[in-house]
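**Student:** Chains as they are written, first to last, in our numbering: chain A, 1 to 247; chain B, 1001 to 1067; chain C, 2001 to 2359.
Note that CB positions come from ideal geometry on N, CA and C, so glycine has one too.
One structure, pasted below without further comment.
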Amino acid sequence: MQVIATRPKSLTDLQFTYCPGCLHGVAHRLIAEAIDELEIQDTATGVAPVGCSVFAYKFFDMDMAEAAHGRAPAVATGIKRARPNMQVFTYQGDGDLAAIGTAEIVHAANRGEHISVFFVNNAIYGMTGGQMAPTTLPDMKTTTSPYGRKTDDVGFPIQVCELLNTLHAPYYIERVSLLSPADIIKAKKAVKKALTYNKEGRGFTIVELLSTCPTNWGMTAVDSLKWAKEKMIPFFPLGKFRDRGEE
Amino acid sequence: MARMTVNPKYCKGCGLCIAACPKKIIRFSVNINEKGYNYAECFDQEACIACKLCYTTCPDVAITIEK
Amino acid sequence: MAKVLMKGNEAVAEAAIRSGCRLYFAYPITPQSELIEYMARMMPKVDGVFLQAESEVAAINMVYGAAGAGRRVMTSSSSPGISLKMEGISYIAGANLPAVIVNVQRGGPGLGDIQPAQGDYFQATKGGGHGDYHTIVLAPASVQEFADMASEAFELADNYRIPVMILSDGMLGQMMEPVEFKDPVTDEELAVMDKRHKDWCIHPKEEGEAPHHNEINSLEIDPSVLEQHVMDLDKKYKLIESKEIKVEEYNINDDNEMVCVAFGTASRIVRSAIDQLNAEGKNIGLIRPITVWPYPYATIANALHDKVKKVMVFELNLGQMVEDVKLAVNGKLPVEFFGKVGGIVFTPEEIKAKIEENL
Chain A
1 MQVIATRPKS
11 LTDLQFTYCP
21 GCLHGVAHRL
31 IAEAIDELEI
41 QDTATGVAPV
51 GCSVFAYKFF
61 DMDMAEAAHG
71 RAPAVATGIK
81 RARPNMQVFT
91 YQGDGDLAAI
101 GTAEIVHAAN
111 RGEHISVFFV
121 NNAIYGMTGG
131 QMAPTTLPDM
141 KTTTSPYGRK
151 TDDVGFPIQV
161 CELLNTLHAP
171 YYIERVSLLS
181 PADIIKAKKA
191 VKKALTYNKE
201 GRGFTIVELL
211 STCPTNWGMT
221 AVDSLKWAKE
231 KMIPFFPLGK
241 FRDRGEE
Chain B
1001 MARMTVNPKY
1011 CKGCGLCIAA
1021 CPKKIIRFSV
1031 NINEKGYNYA
1041 ECFDQEACIA
1051 CKLCYTTCPD
1061 VAITIEK
Chain C
2001 MAKVLMKGNE
2011 AVAEAAIRSG
2021 CRLYFAYPIT
2031 PQSELIEYMA
2041 RMMPKVDGVF
2051 LQAESEVAAI
2061 NMVYGAAGAG
2071 RRVMTSSSSP
2081 GISLKMEGIS
2091 YIAGANLPAV
2101 IVNVQRGGPG
2111 LGDIQPAQGD
2121 YFQATKGGGH
2131 GDYHTIVLAP
2141 ASVQEFADMA
2151 SEAFELADNY
2161 RIPVMILSDG
2171 MLGQMMEPVE
2181 FKDPVTDEEL
2191 AVMDKRHKDW
2201 CIHPKEEGEA
2211 PHHNEINSLE
2221 IDPSVLEQHV
2231 MDLDKKYKLI
2241 ESKEIKVEEY
2251 NINDDNEMVC
2261 VAFGTASRIV
2271 RSAIDQLNAE
2281 GKNIGLIRPI
2291 TVWPYPYATI
2301 ANALHDKVKK
2311 VMVFELNLGQ
2321 MVEDVKLAVN
2331 GKLPVEFFGK
2341 VGGIVFTPEE
2351 IKAKIEENL
């Protein structure tokens, strides 16, 4: 018998610090698998955010940088401009990318920085205990929207892919989900495509990955998959918004 | 011939593999790992078809599939 | 080489390029926009990277990234923009990264005005960002010194893995004086610089190199590990304090009746006033800190022999460096302060009058 699936080389041996059932680990694995398959472990480097995945720099077995909250695209810009023959990626959650980091992601995308952004959207702030995110759904209860998100007060969820799709420079924009094995297999294709384009020097790539937060949604891991499929996808439709490689 | 193995060190007992397995051959062990989780285990390796759905959904990369 | 007449903002940019800086990220702000514009024109000529960032926040984080990748990188701004950089500077210090930050100070607080001031002394030397950290702070008092500090700053930054701030002001940024530049680094020297930090920086694995997992990071969630990390920073700062103090003593002798302390542009005006007074038979000395962190406490203390009756401090602010002078004087003598705010620069006549009042 041969091993046909196991821990990718590009992950360290550390156990992930994520909650049981949190799909961050799946996203990490997909990125690591793609890095292994593209044979870029020696030249890839990632920028970790502030959020649940703040320790991502410990989980990927390559040079990594930790960034201040929201600043990962700017840090990635600095690294890529300084070491142009590295493949640079960022890994960010919804607070990091769509709240405090809105300027940095828009401008990195607008400049067409040669980086790959992996945006994990679970409609809530996990690390700090379940507060409202820019991507929180209308009427969704969080610790800072205890009566539900009131759209006439704080607006609607931000659709990052749609937002970035108004810019000229981005090369590849896709939203995928991690909400079932079939979805994860499709997500892997998107992750690998982004890193392939990165390796080929094509331009700015972003993959938004819909995910869950069982702990702060107050559900089991299995139930949170169902809830996300039912409630999040209407606001965050899956699909390829742009793929200059296929034009 | 196929085998799925869970490394108890990584498993957090989230149950996603159990839900994903089309053959329903994964269960929580009665044993616990160092962290106190009842880790997942395959109880009928003969029936495993190496579909890799458990591996695909495992958020802790605890599973190895052999074929 | 021959001297050229150059504006301070441009001179420091030219000197930075000659020192091997090949990455520059910044945002325009008066009174230092000539610096960013000079870099925009000149960086491409040396195949360097010039990027006008979307904000000073983005710029300092680009600096963090490039510094994390082990290359000589610089940013510049003026007071309100430097405030924006404080988060990033704390991270750069916490992650032990080398970088150069130029502050061309203007009147504050808040939006203030666009005229020269020294109101950012506290921010620069007592840490404008959070946590226990220091940046080396160099305070030029001439365009030549401003330019020379570019290469000094990069050397210090690389040697100690620390952010270095050049604390200039709108006067020095805008004025034109003759400058003599060092020869530019050679391609060989640049290649050496590029590999200097390989043991800790982000870089692609080379032929024959072992695989590496370098982390650029200031987070240590385990308190005992963070404690060790901060104590290591402290060791570094104490080493810098023991070796890198730079100060100018002007007419400091055994017969001084008064000792003045001033830095940067303020020191030039004080020097003119002192020259006039000394020509009239007085004996006033001037101590001019060139590094304001680490601060020359001992130099000031050692100048206070029995004949000195008073210490006077002159700054273009409400009184910031005077606190460090008081620490140095340690209660031995009265310390008087005279400042000017609003972006207004005092005149030699004003200083002369103030000194005479206090003799």
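1. Tell me the DSSP bridge mates of K2309/C?
2. Thinking just about the alpha-carbon of each residue, which of P2348/C, A2058/C, I2162/C is nearest to the one in A103/A?
3. Return the residue from the list G21/A, K193/A, R71/A that minimises the CA-CA distance to L2084/C.
4. Candidates G2129/C, Y2024/C, V2292/C: which alpha carbon is nearest I2036/C's?
5. Would you decide whether F2181/C is buried or exposed? Buried here means 16 or more other CB atoms lie within 10 Å of its CB.
6. I'd like to know if P1003/B contacts chain A, where contact means its C-beta is closer than 9 Å to some C-beta of that chain.
7. State the Cα-Cα distance for the pair K150/A and T128/A, rounded to the nearest angstrom.
8. Quick one: does C1042/B have its CB under 9 Å from some CB of chain A?
9. If you follow the beta strand (DSSP E) that F2337/C is part of, which residue opens it and which one closes it?
10. May I have the straight-line CA-CA distance separating P2163/C from S2142/C, to the nearest angstrom?
11. Can you check whether the C-beta of Y2027/C is within less than 9 Å of a C-beta belonging to chain A?
12. By DSSP, does R175/A sit in helix, in strand, or in coil?
13. Evaluate the contact criterion for the region 1040 to 1053 of chain B versus the region 2146 to 2161 of chain C: three or more CB pairs, one atom per stretch, below 8 Å.
14. Would you report the Cα separation of I2252/C and R2288/C, rounded to the nearest angstrom?
15. Please list, in chain order, the residues of the region 16 to 44 of chain A that have any C-beta partner in chain C closer than 7 Å.
16. Tell me whether E2241/C, by its Cβ, gets closer than 8 Å to a heavy atom of the ligand ZN.
17. For the beta strand (DSSP E) that C1042/B lies in, which residues bound it at each end?
18. Over the uninterrupted alpha helix (DSSP H) stretch that includes Y2237/C, give me the two end residues.
19. Check the DSSP bridge columns for I2166/C and list the partner residues they point to.
20. For the alpha helix (DSSP H) that contains E2155/C, what are its first and last residues?
21. Helix, strand or coil for G239/A, going by three-state DSSP, please let me know.
22. Taking just the CA atoms, how far does R242/A sit from P49/A?
23. Entirely within the region 51 to 88 of chain A and at least 4 residues each: give me those alpha helix (DSSP H) ranges in chain order.
24. If you measure between the beta carbons of A34/A and I1065/B, is that distance less than 9 Å?
25. Is DSSP giving G148/A helix, strand or coil here?
26. H2203/C and A2095/C - do their beta-carbons sit closer together than 9 Å?
27. Give me the DSSP bridge partner(s) of W2293/C.
28. Within 9 Å (strictly less), CB to CB, does V50/A reach chain B?
29. Looking at chain E, is there any beta carbon in it that lies within less than 9 Å of the beta carbon of P2211/C?
30. By alpha-carbon positions, which one of D36/A, M64/A, C22/A, G25/A ends up nearest to H2212/C?
31. Do you know how far the Cα of V207/A is from the Cα of S177/A?
32. Nearest-angstrom Cα distance between P2031/C and G2342/C?
33. By Cβ distance, which residues of its chain are closer than 8 Å to G245/A, with the 5 residues on each side in sequence left out?
34. Please go through the same chain and pick out, in chain order, the residues whose beta-carbon is closer than 6 Å to the beta-carbon of S211/A, but skip the five residues on each side of it.
35. Over the uninterrupted beta strand (DSSP E) stretch that includes F118/A, give me the two end residues.
36. Should H114/A and V88/A be called a contact, given that it needs their Cβ atoms to be closer than 9 Å?
**Tutor:** In short, the structure shows the following:
1. Residue numbering aside, residue 2309/C sits at position 309 when the third sequence is read from its first letter. DSSP lists no partner for K2309/C.
2. As a first step, residue 103/A must be located in the first sequence, where it is residue number 103. With respect to the C-alpha of A103/A, the residue from P2348/C, A2058/C, I2162/C having the closest C-alpha is A2058/C.
3. In the third sequence, the residue the question calls residue 2084/C occupies position 84. The shortest Cα separation from L2084/C among G21/A, K193/A, R71/A belongs to R71/A.
4. Locating residue 2036/C in the third sequence gives position 36, where the first residue counts as 1. The shortest Cα separation from I2036/C among G2129/C, Y2024/C, V2292/C belongs to Y2024/C.
5. Position 181 of the third sequence, counting from 1, holds the residue named residue 2181/C. Label assigned to F2181/C: buried.
6. As a working note, residue 1003/B is residue 3 in the second sequence. In the sequence on display, residue 1003/B carries Arg and not Pro. Answer yes: the Cβ-Cβ gap between R1003/B and chain A drops below 9 Å somewhere.
7. On the first sequence, residue 150/A is found 150 positions in, with the first residue counted as 1. On the first sequence, residue 128/A is found 128 positions in, with the first residue counted as 1. Each residue's Cα considered, the two are about 21 Å apart.
8. Working through the second sequence from its first residue, we reach residue 1042/B at position 42. Taking Cβ atoms only, chain A never reaches closer than 9 Å to C1042/B, which makes this a no.
9. On the third sequence, residue 2337/C is found 337 positions in, with the first residue counted as 1. 2335 to 2339 is the extent of the beta strand (DSSP E) around F2337/C.
10. Position 163 of the third sequence, counted from the start, is the residue given in the question as residue 2163/C. Position 142 of the third sequence, counted from the start, is the residue given in the question as residue 2142/C. Approximately 22 Å, taken between the alpha carbons.
11. Here residue 2027/C corresponds to residue number 27 of the third sequence, with the count starting at 1. It does not: the Cβ of Y2027/C has no partner Cβ on chain A nearer than 9 Å.
12. As a first step, residue 175/A is located in the first sequence; it is residue number 175 there, counting from the start. Three-state result, R175/A: strand.
13. no
14. Indexing the third sequence from 1 puts residue 2252/C at position 252. Indexing the third sequence from 1 puts residue 2288/C at position 288. Between the alpha carbons of I2252/C and R2288/C lies a gap of roughly 11 Å.
15. D42, T43
16. Here there are no bound small molecules, and the ligand ZN is not part of this structure.
17. By 1-based counting over the second sequence, the position of residue 1042/B is 42. Segment 1038 to 1042, the beta strand (DSSP E) holding C1042/B.
18. Translated into positions along the third sequence, residue 2237/C becomes position 237. Y2237/C -> alpha helix (DSSP H) spans 2223 to 2243.
19. For the purposes of this step, residue 2166/C is identified with residue 166 of the third sequence, where counting begins at 1. The partner list for I2166/C (beta bridge, DSSP) reads V2102/C, L2138/C.
20. Translated into positions along the third sequence, residue 2155/C becomes position 155. E2155/C -> alpha helix (DSSP H) spans 2143 to 2160.
21. Here the question's residue 239/A lines up with position 239 in the first sequence. Correct three-state label for G239/A: strand.
22. Residue mapping note: residue 49/A aligns to position 49 of the first sequence, counting from 1. Residue mapping note: residue 242/A aligns to position 242 of the first sequence, counting from 1. Computed Cα separation, rounded: 25 Å.
23. 56 to 59, 72 to 82
24. Taking the first sequence and counting its residues from 1, the one referred to as residue 34/A is at position 34. Taking the second sequence and counting its residues from 1, the one referred to as residue 1065/B is at position 65. Their beta carbons are not under 9 Å apart, which means A34/A does not touch I1065/B by this criterion.
25. Working through the first sequence from its first residue, we reach residue 148/A at position 148. Coil at G148/A, not helix or strand.
26. Here residue 2095/C is taken as the residue at index 95 of the third sequence, counted from 1. Here residue 2203/C is taken as the residue at index 203 of the third sequence, counted from 1. Not in contact: A2095/C and H2203/C (Cβ atoms no closer than 9 Å).
27. Taking the third sequence and counting its residues from 1, the one referred to as residue 2293/C is at position 293. Beta-bridge partners of W2293/C (DSSP): V2137/C.
28. Taking the first residue of the first sequence as position 1, residue 50/A is located at position 50. No, its Cβ sits nowhere closer than 9 Å to a Cβ of chain B.
29. In the displayed structure, chain E is absent; the protein chains listed are A, B and C.
30. The residue you call residue 2212/C lines up with position 212 of the third sequence. Of the listed residues, the one whose Cα sits closest to H2212/C is M64/A.
31. Start at 1 with the first residue of the first sequence, and residue 177/A comes out as number 177. Start at 1 with the first residue of the first sequence, and residue 207/A comes out as number 207. Taking the straight line from one Cα to the other gives about 10 Å.
32. The residue you call residue 2031/C lines up with position 31 of the third sequence. The residue you call residue 2342/C lines up with position 342 of the third sequence. About 15 Å.
33. Taking the first sequence and counting its residues from 1, one reaches residue 245/A at position 245. So the list reads Y171, Y172, K193, Y197, R202, once near-sequence residues are dropped.
34. Numbered from 1 along the first sequence, position 211 holds the residue referred to as residue 211/A. L23, V120, N122, L178.
35. Taking the first sequence and counting its residues from 1, the one referred to as residue 118/A is at position 118. Its beta strand (DSSP E) spans residues 115 to 121.
36. Numbered from its first residue, the first sequence carries residue 114/A at position 114. Numbered from its first residue, the first sequence carries residue 88/A at position 88. Cβ atoms of H114/A and V88/A: closer than 9 Å.
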